[in-house]
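See below for the structure under consideration.
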Amino acid sequence: MFFEILILLLKHFGVPLLFLWWFWKRNYKSFLDWALMALLVGAYIAFLYFTGSWYWFGYYFRYVFPVLYLITLSSVRRVRGKPFRVPFVDREKFGFFFTAFFTIIFTGLTIWAFRGTFLPAEGVPLQFPLKHGTFYVMHGGASPLLNQHYRPFPTPIQYSVDITRLLPGGTRANGLYPEDLDEYAIYGDSVFSPCNGKVVELVDSLVDMPPSEMDTSLAHVAGNHLIIQRFPPEDSIFVLLGHLMKGSFSITKGDTVVVGQYLARVGNSGFTSEPHLHIHVAKGSRKILEKGEGIPILFREHFPIRNDKFAIP
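Residue 32 in my numbering sits at position 32 of the sequence shown, with consecutive numbering throughout.
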């Protein structure tokens, strides 16, 4: 996990700080030289704004780099009175093409991520399944840059949403990646029914995994979970809530549930790297880990995407 954390630190802090420092201190020969650098840095900051996993380090850091970028734009004063462009000497051509290439790359990635923030199809309105806190969408949206479950081809899980709870400082845990499950703010949270319906599947036999371990068995991918067939049943819409805590269920298979009814608690069972609540909706089959048509979820008439926050009383 050390290298994964190192990569996250470089992505969220190392690269943007290096770009901002370079943009601020660089000596520009022309306005075009400055403008291209401004586009590169702006494209990366925008890419990071949409795709960053800010729950690791503090949600509010998400806004720091856009503000710093706006400040560094004042470096335009250094090109006042300079020509729009000047011919490049041979050794400067590499720098120009390097900057242009990565500007195109990060602009393209940002556009790809931004397009994933829009509702791609008619969604299913659900009540938010957690209460009493500020909750954060770890994965959600219609782009693989925003949602690890999304695929460009239809799958039952492609519009899945992964949710965690935020502490007052904007992080999801006490520490960067603690090994104690109790240090994660969402661990043990009560989960409530997001709809009226009938419980058609329920698994309650798997123990919680330590954060550094995952149950890689294909049969255990959702951990302890339940599937609700939403009323009216003729719509054939099914809702899965996954990675729940063993022994915390208040219902059994075949029970009817109503919106807001307590169901279970958030755990860390199954194929998961840390405690969170997984939810997805599919149509056509109760085997919605394998079959069915994935359907976008709407919370409060909003399509949840990565970095969304929900303050729930």
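We put the CB at the ideal spot given by N, CA and C, even for glycine.
Between the CA atoms of residue j and residue i - distance to the nearest angstrom
i      : j      : result
THR72  : SER248 : 52 Å
TRP54  : LEU20  : 19 Å
PRO156 : VAL124 : 14 Å
PRO233 : ILE279 : 19 Å
ILE228 : TRP34  : 56 Å
SER285 : PRO304 : 23 Å
GLN158 : GLY116 : 12 Å
VAL199 : LEU166 : 29 Å
GLU183 : ALA173 : 6 Å
VAL15  : LEU70  : 17 Å
HIS149 : GLU293 : 14 Å
ILE379 : LEU68  : The structure shown has nothing for residue 379, since the chain only spans 1 to 313.
LEU17  : PHE271 : 34 Å
Continuous beta strand (DSSP E) stretch holding residue i: start and end
i      : result
GLU293 : 293-295
ASP162 : 161-165
ILE279 : 277-283
Member of the options whose CA lies at the smallest distance from the CA of residue i
i      : options                        : result
HIS132 : LYS25, ALA219, ASP215, VAL191  : VAL191
LYS291 : PHE97, PRO129, GLU213, VAL281  : VAL281
HIS220 : SER212, LEU244, THR107         : LEU244
SER134 : GLU4, VAL41, ASP189, ALA113    : The residue asked about is misnamed: residue 134 is Thr in this sequence, not Ser. When each option's Cα is compared against that of THR134, the closest is ASP189.
LEU39  : LEU167, ILE228, ILE297, PHE106 : PHE106
LYS82  : PHE13, PHE31, ILE111, PHE94    : PHE31
PRO313 : TYR177, PRO129, LEU18          : PRO129
ALA264 : ILE186, GLU179, SER236, MET138 : ILE186
GLY197 : VAL257, LYS93, PRO154          : VAL257
Continuous alpha helix (DSSP H) stretch holding residue i: start and end
i     : result
PRO16 : 15-25
Beta-carbon proximity check, residue i vs residue j, cutoff 8 Å
i      : j      : result
SER88  : PHE96  : Correcting the residue identity first, residue 88 is Phe in this sequence and not Ser. A contact, by the Cβ cut-off of 8 Å.
TRP56  : LEU109 : no
ALA113 : PHE50  : yes
ASN224 : ASP204 : yes
SER269 : MET214 : no
LEU226 : LEU241 : yes
HIS276 : THR171 : no
VAL79  : TYR28  : yes
MET138 : ARG306 : yes
PRO194 : VAL239 : yes
Distance cut-off 7 Å: residue i Cβ against heavy atoms of the ligand SAH
i      : result
LEU263 : Ligands displayed in this structure: none; no statement on the ligand SAH is therefore possible.
Review point. At what residue ranges does the stretch 44-85 contain a whole run of the alpha helix (DSSP H), taking only runs of 4 or more?
Key: Scanning the stretch 44-85 for uninterrupted alpha helix (DSSP H) segments of 4 residues or longer gives 64-72, listed from N- to C-terminal end.
Review point. Which whole runs of the beta strand (DSSP E) in the stretch 76-146 are 3 residues long or more, in chain order?
Key: You should have 124-126, 133-139.
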